[in-house]
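Asks: Quick one: the structure is below, and I'll ask about it shortly.
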Amino acid sequence: MTRNQYILSSLVLLGSIGALGGCSSEEAVSATGDQVILVGTQNDYPPFAFADDNNQLTGYDVDVVKAIDEQLDGYTFEFVAVPWDSMFLALESNKIQAIADQVAKTPERQEKYLFTDESYFAAETVIAVASGREDIQTIEDLEGKAVGALAGDSYTLLLEEYNETADEPINLKYSESGNPSEILQDVQNGRVDAYVNDPIMMNEVLEKNDLGVEIVGQSLVNDDMGIVLKNGEDGEELKALLDPIIEQLKQDGTLSELSTKWTGGDYIPE
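Residue numbers (mature numbering (1 follows the signal peptide of the UniProt record, and there is no 0)): -21 to -1, 1 to 249.
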């Protein structure tokens, strides 16, 4: 069984790992002789992936990968903090070999990237508005409104697809910082009318920052999250190893325990 050798990188940007760009996953070997798999995740998406008080990456997604690593011989998983807007570029250029960052299995992504068949989390999509606001409850109510967005995430893709047939398009305001907490502050301050994202993450940020924002209406959609790999022989090989382990972690209750630990509920898909 592989030795748990985690480099919990803090605030590592894409440029900081540029030196890895010419290395294939076969060329990266740990001190114990294991093949190193660099796993990209964010450092500002609690409780799934974030930097703790010691600038160490932690959270549900990080713990899931650790649990996988404990069961997988010959591989060592090391974490790299990558901004969301650089995540897939890092995967495509082999600066990382996997993504564990609450990535929904959308058809568009599955055409371009390789996902584990086994999902490790089931997430909702909801709307957040300034506390006390009553005119927004559904996605239709967002038409003509300014809504904070992160380019390329599944929540933004949902709104972009809605705009293709909307009577009046939603005015998407793309964040330059890529930080969900800043978008929620914009909701509180009235810079945008709403934000669409995962309720668990948003509630965590709202409580931590004491923001006057609340979640309204019913869930817009439910998504299953998978580990993302690069298309190709290496990705297929790793996927074949990961899927049985994720299934095992579902069956033995490990994922349910981690979900309850980090989110307060059991959100593990069957």
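A virtual CB, placed ideally from N, CA and C, is assigned to each residue, including glycine.
So, using beta-carbon positions, are residue 78 and residue 20 closer together than 9 Å?
Replies: Against the sequence shown, residue 78 aligns to sequence position 99. Against the sequence shown, residue 20 aligns to sequence position 41. Going by C-beta atoms, residue 78 is nearer than 9 Å to residue 20.
Asks: Look up residue 234 in the DSSP assignment and say whether it is helix, strand or coil.
Replies: Reading the sequence shown from its first residue, position 255 is the one you call residue 234. Three-state result, residue 234: helix.
Asks: Taking only three categories from DSSP, how would you classify residue 179?
Replies: Taking the sequence shown and counting its residues from 1, one reaches residue 179 at position 200. Residue 179: helix per DSSP, three-state reduction.
Asks: Taking the alpha carbon of residue 12 as the reference point, which residue from 211, 56, 177, 243 has its own alpha carbon closest?
Replies: For the purposes of this step, residue 12 is taken as residue 33 along the sequence shown, with counting starting at 1. Answer by Cα proximity: 56.
Asks: Suppose you measure from the CA of residue 230 to the CA of residue 111; what does that come to, to the nearest Å?
Replies: Your numbering for residue 230 matches position 251 in the sequence shown. Your numbering for residue 111 matches position 132 in the sequence shown. Whole-angstrom Cα-Cα distance: 42 Å.
Asks: If you draw a straight line from the C-alpha of residue 239 to the C-alpha of residue 25, how long is it?
Replies: On the sequence shown, residue 239 is found 260 positions in, with the first residue counted as 1. On the sequence shown, residue 25 is found 46 positions in, with the first residue counted as 1. Those two C-alpha atoms are separated by around 14 Å.
Asks: Would a C-beta distance cut-off of 9 Å place residue 17 and residue 28 closer than the cut-off?
Replies: Taking the sequence shown and counting its residues from 1, the one referred to as residue 17 is at position 38. Taking the sequence shown and counting its residues from 1, the one referred to as residue 28 is at position 49. Cβ distance not < 9 Å, so residue 17 and residue 28 don't count as in contact.
Asks: Measure the beta-carbon distance from residue 152 to residue 125 and round it to whole angstroms, keeping in mind my assumption that it falls under 8 Å.
Replies: The count along the sequence shown starts at 1 and reaches residue 152 at position 173. The count along the sequence shown starts at 1 and reaches residue 125 at position 146. Their Cβ separation, rounded to whole angstroms, is 5 Å, which keeps residue 152 and residue 125 in contact under 8 Å.
Asks: Going by DSSP, which residues form a beta bridge with residue 80?
Replies: Translated into positions along the sequence shown, residue 80 becomes position 101. According to DSSP, residue 80 bridges with nothing at all.
Asks: May I have the straight-line CA-CA distance separating residue 94 from residue 224, to the nearest angstrom?
Replies: Taking the first residue of the sequence shown as position 1, residue 94 is located at position 115. Taking the first residue of the sequence shown as position 1, residue 224 is located at position 245. In a straight line, the C-alpha of residue 94 is about 14 Å away from that of residue 224.
Asks: Buried or exposed: residue 105, going by 16 or more other Cβ atoms within 10 Å of its Cβ?
Replies: For this step, residue 105 is matched to residue 126 along the sequence shown. The residue is buried, with at least 16 neighbouring Cβ atoms inside 10 Å.
Asks: Just list the residues that DSSP pairs residue 19 with in beta bridges.
Replies: Residue numbering aside, residue 19 sits at position 40 when the sequence shown is read from its first letter. In the DSSP output, where bridge partners are listed per residue, residue 19 has 59, 78.
Asks: Output the distance between the C-alpha atoms of residue 62 and residue 145, rounded to the nearest integer angstrom.
Replies: Sequence index remark: in the sequence shown, residue 62 carries index 83 (1-based). Sequence index remark: in the sequence shown, residue 145 carries index 166 (1-based). Cα to Cα, the separation comes out at about 31 Å.
Asks: Compute the beta-carbon to beta-carbon distance between residue 123 and residue 147, rounded to the nearest angstrom, for a pair I have assumed lies under 8 Å.
Replies: Sequence index remark: in the sequence shown, residue 123 carries index 144 (1-based). Sequence index remark: in the sequence shown, residue 147 carries index 168 (1-based). Their Cβ separation, rounded to whole angstroms, is 5 Å, which keeps residue 123 and residue 147 in contact under 8 Å.
Asks: Out of 115, 15, 226, 167, which one is the CA nearest neighbour of residue 185?
Replies: Here residue 185 corresponds to residue number 206 of the sequence shown, with the count starting at 1. For the residues 115, 15, 226, 167, the minimum Cα distance to residue 185 belongs to 167.
Asks: Going by DSSP, what residue range makes up the beta strand (DSSP E) through residue 200?
Replies: Looking up residue 200 in the sequence shown gives position 221. First-last of the beta strand (DSSP E) with residue 200: 192 to 204.
Asks: Compute the distance between the beta-carbons of residue 107 and residue 194, then report whether it is under 9 Å.
Replies: Sequence index remark: in the sequence shown, residue 107 carries index 128 (1-based). Sequence index remark: in the sequence shown, residue 194 carries index 215 (1-based). Yes; because the gap between Cβ atoms is below 9 Å, this pair is in contact.
Asks: Just reading off the beta strand (DSSP E) that residue 153 is part of, what are its end residues?
Replies: For the purposes of this step, residue 153 is taken as residue 174 along the sequence shown, with counting starting at 1. Here the beta strand (DSSP E) through residue 153 covers 150 to 153.
Asks: Pull up the distance between the alpha-carbon of residue 140 and that of residue 86, whole angstroms please.
Replies: One-based indexing of the sequence shown puts residue 140 at position 161. One-based indexing of the sequence shown puts residue 86 at position 107. Cα-Cα distance, rounded: 12 Å.
Asks: Measuring CB to CB, does residue 109 end up less than 9 Å from residue 83?
Replies: Against the sequence shown, residue 109 aligns to sequence position 130. Against the sequence shown, residue 83 aligns to sequence position 104. Cβ atoms of residue 109 and residue 83: not closer than 9 Å.
Asks: So, residue 234 versus residue 218, is the Cβ gap smaller than 9 Å?
Replies: Residue numbering aside, residue 234 sits at position 255 when the sequence shown is read from its first letter. Residue numbering aside, residue 218 sits at position 239 when the sequence shown is read from its first letter. No, the pair does not count as a contact, with Cβ atoms beyond the cut-off.
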